[in-house]
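The numbering of the sequence shown is the working numbering, which starts it at 374 and goes up by one.
Glycine included, each C-beta is placed from N, C-alpha and C at the ideal position.
Notes for the one structure printed next.
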Amino acid sequence: MKKLLAMIMTSIIFVTSLTCVSVSCQEFETRLGFVVEFNGETIDSASVIINNTHYVPLRKVFEKMGAYVFYRNRDCQVLALSRDGDTIRHIVGSNIIIVNGEQKEFENPSVLENGGTYIPIEMVSAALNPDRILYDNQQLNIQKYLFNNNYHKIIKDVLDVCGSSNFYPERFQRYIDYHVKMPDYSMQEVIFRVNLGLDYSFYENATTIEQPYDLLVLVNKYFKLPEGYEQYNLVKMGREYTVNDGKQYLLAGVAYEKYIEMSDAAKKDGLSMKVLSAYRTENYQRNLYNNKVRTTGKVNADNYSARPGHSEHQTGLAVDISSTKGTFEYTPEFKWLQKHAHEYGYILRYPKGKEWITGYSYEPWHYRYVGVDAAKIIYEEGITYEEYYAKYISQNEFR
Ligand SMILES: [Zn+2]
């Protein structure tokens with residue numbers, strides 16, 4: 374099975390790179406073009422003329438104009454960030470360029486020549502909005518006035534850190550906006566917070582989760598389970614593990630196994646953990662949330678209860694634990710969990726002092742199964758699952 378998967382993966386990669394390269398395989402009548410100048414300075418790659426169309430080296434021109442250029446291998450996508458704050462996207466071999474989300478179509482596609490991407494001259498004008506483009510028999514001269522007002526200084530601050538590994542070029546505008554909004558934060562703080570989604574209000578621009586059955590799924594006020602999502606791989610817990618109120622308590626396969634192991638280990642230490650809540654269906658969560666809104670108001674409900682689709686309990690990977698010895702935070706069971714939960718792959722999901730990241734009030738009773746490896750890192754680094762996700766799981770594909 375693994376071998377088959379590896380074969381499929383290899384063929385995907387092969388096909389992708391083939392799409393990238395295929396443009397250069399076409400038969401072109403190519404001749405060397407003009408010297409390219411930007412504001413009087415020569416760019417060290419000349420343009421080329423293919424079938425009477427003028428092409429300029431994309432990266433060289435963009436960089437000369439002060440833009441930063443990134444590349445994503447998966448789809449051969451070039452992403453450039455300009456000094457004007459524009460985000461320019463282009464897939465090598467296509468005739469489309471997207472400037473700040475707005476799509477512009479051209480007659481000729483870009484081509485690969487000698488390992489570099491060349492774009493037709495009209496794409497340059499559309500993308501970097503120069504003030505003048507002059508041709509004569511020997512040279513191509515691009516001119517652009519470079520402004521340096523307050524907004525450009527802000528953009529410069531952001532571009533200055535665009536080489537750091539946690540900088541996501543596709544979040545360029547969000548970094549700029551948040552830097553404007555929070556001028557006292559360092560750029561690293563701005564990037565850290567935007568990467569956690571904190572530039573948006575909770576539930577604003579929520580993203581639907583693409584792989585809801587992934588063990589490391591992040592479900593919070595920014596990431597929503599798809600509508601109608603249901604967990605199927607559920608195991609019913611024995612009554613001795615629960616508050617035993619006649620209700621059924623279910624957890625997802627491996628989360629169940631590790632929970633039982635953990636509960637048994639605590640029992641050996643003379644403790645008794647009782648499950649108070651485990652798997653919940655979407656409908657159950659909806660009723661729970663609506664009841665909370667009705668009885669305590671929306672603000673309070675949002676602090677303690679998740680909106681439907683946003684609850685970890687719907688994955689079967691989260692569990693609320695109680696003890697018969699009073700307020701959970703002060704029980705020996707809680708103390709034991711603080712010390713040992715990570716050994717079984719469980720983490721305290723909503724810790725004290727991290728409400729601004731998790732979006733929830735401190736919940737000493739709510740634990741999430743993430744597997745032993747992730748739990749160990751989260752425990753040792755003292756971070757939330759959101760921070761772990763941004764640091765270790767989120768993929769930064771643009772290089
Ligand atoms: Zn809970």
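Please report the distance separating the alpha-carbon of residue i from that of residue j.
{"i": "K529", "j": "F596", "result": "31 Å"}
{"i": "R612", "j": "L454", "result": "58 Å"}
{"i": "L607", "j": "S678", "result": "23 Å"}
{"i": "A763", "j": "R544", "result": "13 Å"}
{"i": "D550", "j": "F771", "result": "21 Å"}
{"i": "A671", "j": "E600", "result": "In the sequence under discussion, the amino acid at residue 671 is Lys, which differs from the Ala named in the question. If I take the Cα positions, the gap works out to 22 Å."}
{"i": "G689", "j": "R722", "result": "14 Å"}
{"i": "L571", "j": "E478", "result": "35 Å"}
{"i": "I633", "j": "Y614", "result": "8 Å"}
{"i": "S645", "j": "Y441", "result": "58 Å"}
{"i": "C398", "j": "G466", "result": "Confidence in C398 is poor, its pLDDT being 40 and thus under 50, which makes the residue's placement too unreliable to answer from."}
{"i": "I750", "j": "L588", "result": "16 Å"}
{"i": "I730", "j": "R404", "result": "56 Å"}
{"i": "L661", "j": "K620", "result": "15 Å"}
{"i": "C393", "j": "C449", "result": "Here C393 scores only 49 on pLDDT, less than 50, and its place in the model should not be relied on; the value that follows carries that caveat. Each residue's Cα considered, the two are about 6 Å apart."}
{"i": "V497", "j": "T669", "result": "57 Å"}
{"i": "R456", "j": "E480", "result": "27 Å"}
{"i": "T581", "j": "Y657", "result": "20 Å"}
{"i": "N617", "j": "N663", "result": "25 Å"}
{"i": "R667", "j": "D642", "result": "41 Å"}
{"i": "Y622", "j": "E583", "result": "27 Å"}
{"i": "K777", "j": "S650", "result": "An answer regarding residue 777 cannot be provided, because it is not within the stretch 374 to 772 covered by the chain."}
{"i": "Y349", "j": "P542", "result": "An answer regarding residue 349 cannot be provided, because it is not within the stretch 374 to 772 covered by the chain."}
{"i": "Y735", "j": "G699", "result": "17 Å"}
{"i": "N412", "j": "Y508", "result": "13 Å"}
{"i": "S559", "j": "N523", "result": "17 Å"}
{"i": "C535", "j": "Y548", "result": "10 Å"}
{"i": "D693", "j": "E702", "result": "12 Å"}
{"i": "N578", "j": "K594", "result": "10 Å"}
{"i": "R653", "j": "E716", "result": "25 Å"}
{"i": "I461", "j": "I564", "result": "20 Å"}
{"i": "S390", "j": "Y761", "result": "Bear in mind that the predicted position of S390 carries a pLDDT of just 39, short of 50, making it unreliable; the figure below should be weighed with that in mind. Their backbone Cα atoms lie some 32 Å apart in a straight line."}
{"i": "E753", "j": "G406", "result": "58 Å"}
{"i": "K712", "j": "N539", "result": "31 Å"}
{"i": "N473", "j": "M635", "result": "50 Å"}
{"i": "M488", "j": "A674", "result": "The residue you asked about is not Met; residue 488 is Gly in the sequence shown. Computed Cα separation, rounded: 56 Å."}
What does DSSP give as the partner residues of residue i in its beta bridges?
{"i": "E410", "result": "T415, N514"}
{"i": "H427", "result": "I422"}
{"i": "G474", "result": "DSSP, once it has assigned bridges, lists no residue as partnering G474."}
{"i": "I464", "result": "Q450"}
{"i": "R612", "result": "None; R612 has no bridge partner."}
{"i": "G489", "result": "E486"}
{"i": "Y622", "result": "Beta-bridge pairing links Y622 to no other residue."}
{"i": "T668", "result": "According to DSSP, T668 bridges with nothing at all."}
{"i": "F596", "result": "T580"}
{"i": "K647", "result": "S695"}
{"i": "F443", "result": "L452"}
{"i": "I494", "result": "Its beta-bridge partners do not exist; DSSP assigns none."}
{"i": "L405", "result": "V421"}
{"i": "L607", "result": "A625"}
{"i": "Y742", "result": "Y719"}
{"i": "L808", "result": "Since the first residue shown for the chain is 374 and the last is 772, residue 808 is missing from the structure and cannot be characterised."}
{"i": "I469", "result": "E478"}
Cβ of residue i versus every heavy atom of ligand 3: is any distance shorter than 7 Å?
{"i": "R667", "result": "Ligands in the displayed structure: ligand 1; ligand 3 is not one of them."}
Closer than 6 Å from C-beta to any heavy atom of ligand 1: which residues, in chain order? The set of residues with CB atoms less than 6 Å from any heavy atom of ligand 1 reads, in chain order, S650, H686, A691, D693, H739.
Would you check if the segment 504 to 524 and the segment 429 to 441 touch, i.e. whether three or more CB-CB distances between them fall below 8 Å? The count of Cβ pairs closer than 8 Å, one atom from the segment 429 to 441 and one from the segment 504 to 524, reaches three, so the stretches are in contact.
Sufficient close CB pairs (3 or more, under 8 Å) joining the segment 621 to 632 to the segment 731 to 747: A contact exists between the segment 621 to 632 and the segment 731 to 747.
If contact is defined by three or more beta carbon pairs under 8 Å, each pair taking one atom from either stretch, is the segment 421 to 434 in contact with the segment 749 to 762? Taking 8 Å as the limit for Cβ pairs, the verdict is that the segment 421 to 434 does not touch the segment 749 to 762.
So, does the segment 412 to 428 touch the segment 476 to 488, judging by three or more C-beta pairs under 8 Å? As far as the Cβ criterion goes, the segment 412 to 428 touches the segment 476 to 488, which means the pair count is three or higher.
Should the segment 694 to 706 be called in touch with the segment 639 to 653, which here means at least 3 C-beta pairs below 8 Å? They touch, by the three-pair rule.
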